[in-house]
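Numbering (this note's numbering), first residue to last: 12 to 335.
Quick reminder that beta carbons are idealized off the backbone N, C-alpha and C, glycines included.
Okay, structure first, notes after.
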Amino acid sequence: MNFKNMISSCNLSDLFNFLFAFNIIYGSFQLLQLAQAQTTVPTNASTHPSEAAILNRMFDRWGISAAASWNISGELCSGAAIDRTDFQTMNPGIKCDCSNNNICRITGLRVYDMDIPGTIPDELWNLTFVNDLDLRLNFFTGPISPAIGRLNRMQYLALGNNALSGPLPSELGRLTELISLGLGLNNFSGPLPASFGNFTKLTQTFIDSMGVSGTIPSTFAGLTSLRIFRISDNALTGRIPDFIGNMNLRILRLQGNAFEGPIPASFSNLTTVEELMVSDITNGSSSLDFLANLKSLNRLVLRNNNISGSIPSNIGEYRNLTQL
Numbered sequence: 012m013n014f015k016n017m018i019s020s021c022n023l024s025d026l027f028n029f030l031f032a033f034n035i036i037y038g039s040f041q042l043l044q045l046a047q048a049q050t051t052v053p054t055n056a057s058t059h060p061s062e063a064a065i066l067n068r069m070f071d072r073w074g075i076s077a078a079a080s081w082n083i084s085g086e087l088c089s090g091a092a093i094d095r096t097d098f099q100t101m102n103p104g105i106k107c108d109c110s111n112n113n114i115c116r117i118t119g120l121r122v123y124d125m126d127i128p129g130t131i132p133d134e135l136w137n138l139t140f141v142n143d144l145d146l147r148l149n150f151f152t153g154p155i156s157p158a159i160g161r162l163n164r165m166q167y168l169a170l171g172n173n174a175l176s177g178p179l180p181s182e183l184g185r186l187t188e189l190i191s192l193g194l195g196l197n198n199f200s201g202p203l204p205a206s207f208g209n210f211t212k213l214t215q216t217f218i219d220s221m222g223v224s225g226t227i228p229s230t231f232a233g234l235t236s237l238r239i240f241r242i243s244d245n246a247l248t249g250r251i252p253d254f255i256g257n258m259n260l261r262i263l264r265l266q267g268n269a270f271e272g273p274i275p276a277s278f279s280n281l282t283t284v285e286e287l288m289v290s291d292i293t294n295g296s297s298s299l300d301f302l303a304n305l306k307s308l309n310r311l312v313l314r315n316n317n318i319s320g321s322i323p324s325n326i327g328e329y330r331n332l333t334q335l
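Structure, rendered in structure tokens:
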């Protein structure tokens with residue numbers, strides 16, 4: 012390509028547009044090459060023997076089979092387990108990482124809504140490379156083993172909608188890479204572990220309707236990345252901590268507990284909150300002054316509280332508010 016001729020035949024604006032488009036196309040090509048390189052799997056790659064044995068034993072126990080789409084010719088880490096197939100479309104499903112000396116490690120396990128009963132097998136906690144575990148909507152019972160703390164690569168943990176019981180192990184706090192935590196709709200007992208304050212990367216947590224009691228630990232102030240905080244319908248008591256008002260939340264659900272009032276004045280700082288449900292608060296009179304700044308609201312529920320004062324006069328300006 013003769014750039015001298017180009018410069019002489021077009022204005023600077025055209026040249027700038029060309030170079031800008033060229034850089035985008037070239038950059039996209041480089042990214043595509045990088046993505047292809049990262050997903051290239053050696054032809055002789057195989058699942059780590061101990062992990063393959065663990066998965067096969069668990070599936071035998073649960074009465075389910077590995078899908079043909081990712082268990083090609085008996086090799087677990089193959090097909091959809093190692094290509095770009097969306098993990099959420101696989102059930103049951105696994106994902107693997109085969110980048111380490113042709114040995115594939117299981118990094119994801121999804122067994123969703125398959126009516127599996129019994130306790131979660133202890134050997135599951137030996138799959139220490141798993142970073143995405145989804146066991147929702149089954150009939151799992153019994154406690155969560157403290158051995159879950161071994162899975163310190165975990166980013167997405169979903170154990171909701173089961174019948175798990177017992178206290179939550181403090182070892183959960185070792186999962187410091189967590190981005191999403193779902194434990195709701197279970198039968199746990201006892202307090203929320205203070206170690207949950209270690210989840211500094213957590214962006215969403217669904218810990219509603221799971222039977223826990225006591226107060227919200229002060230260590231939860233460390234959950235600075237949290238955007239969705241659902242902790243409703245438990246047996247939590249005490250004051251709602253002021254630090255919750257300093258979080259950059261989009262969704263906050265606190266209803267159905269036994270919190271004492273008043274609603275913290277710090278809630279006026281929740282300027283990004285879109286859904287706020289704070290109900291069933293006993294003792295203490297709560298003012299609605301904190302609502303004056305919450306112009307991002309689209310859903311507001313404040314039933315069964317001891318509310319005093321008036322509704323802020325500017326609430327009619329909340330254009331997104333559809334439920335009050």
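* To do: Give the DSSP bridge partners of Phe-301, in chain order.
  => Per DSSP, none; premise fails for Phe-301.
* Cβ-based burial, Pro-103 [other Cβ within 10 Å; buried from 16] -> buried
* Return no unless some Cβ of chain C is closer than 8 Å to the Cβ of Asn-197. => The displayed structure is made up of one protein chain only, and chain C is not part of it.
* Asked: Excluding five sequence neighbours on each side, which residues of the same chain lie with their C-beta closer than 6 Å to the C-beta of Thr-50?
  -> Residue placement at Thr-50 is flagged as unreliable, the pLDDT there being 46, under the threshold of 50; a coordinate-derived value is accordingly withheld.
* To do: Could you tell me how far apart the beta carbons of Phe-140 and Arg-116 are, in whole angstroms, since I believe they sit closer than 8 Å?
  => 4 Å
* **At least 3 beta-carbon pairs within less than 8 Å: the stretch 126-145 vs the stretch 82-91** => no
* To do: Kindly indicate which residue of Asp-219, Asn-198, Gly-320 and Leu-186 has the alpha-carbon position closest to the one of Thr-211.
  => Leu-186
* Asked: Helix, strand or coil for Ile-83 per DSSP?
  -> strand
* Three-state secondary structure (DSSP) of Leu-162 -> coil
* Asked: Quick one: is Ile-322 buried, meaning 16 or more other Cβ sit within 10 Å of its Cβ, or exposed?
  -> exposed
* **Nearest residue (CA-CA) to Phe-301, options Ile-274, Asn-113 and Thr-293** => Ile-274
* For Ser-279, the nearest candidate out of Ser-80, Ser-296, Asn-259 and Leu-265 (CA to CA) -> Asn-259
* Val-284 vs Arg-314 beta-carbon contact at 8 Å -> no
* To do: Return the chain-ordered list of same chain residues with a C-beta closer than 7 Å to the C-beta of Ile-190, the five sequence neighbours on each side being excluded.
  => Gln-166, Tyr-167, Lys-212, Leu-213 and Thr-214
* To do: Check whether the Cβ atoms of Phe-270 and Leu-247 sit closer than 8 Å, and answer yes or no.
  => yes
* Asked: Got a sec, what are the start and stop residues for the alpha helix (DSSP H) Asn-67 sits in?
  -> 60-73
* **Inter-residue CB distance, Phe-199 and Val-223 (contact presumed, cutoff 8 Å)** => 6 Å
* Quick one: give me the first and last residue of the beta strand (DSSP E) that Cys-107 is part of. => 104-111
* Asked: the ligand NAD heavy atoms versus the CB of Arg-72: any closer than 7 Å?
  -> By its list of ligands, the structure shown contains no ligand whatsoever, and the ligand NAD lies outside what it can speak to.
* **Within the stretch 238-317, ranges of the alpha helix (DSSP H) (whole runs, at least 4 residues)** => none
* Inter-residue CB distance, Ser-176 and Pro-204 (contact presumed, cutoff 8 Å) -> That pair is no contact at about 16 Å.
* How is the beta strand (DSSP E) around Asp-145 delimited, first residue to last? -> 143-145
* To do: Please go through the same chain and pick out, in chain order, the residues whose beta-carbon is closer than 6 Å to the beta-carbon of Lys-306, but skip the five residues on each side of it.
  => Tyr-329
* When you compare only the Cα positions, how much space is there between Thr-333 and Asn-325? -> 15 Å
* Asked: What residues in its chain sit with their C-beta under 7 Å from that of Phe-150, if we drop five residues either side in the sequence?
  -> Asp-126, Ile-127, Pro-128, Asn-173 and Ala-174
* Asked: Taking just the CA atoms, how far does Gly-256 sit from Leu-281?
  -> 6 Å
* **Contact under 8 Å by Cβ, Ser-298 with Gly-267** => no
* Would you mind giving the Cβ-Cβ distance between Gly-193 and Asn-209, rounded to the nearest angstrom? I have them listed as a contact below 8 Å. => With 8 Å as the limit, Gly-193 and Asn-209 do not qualify as a contact, their Cβ atoms being about 17 Å apart.
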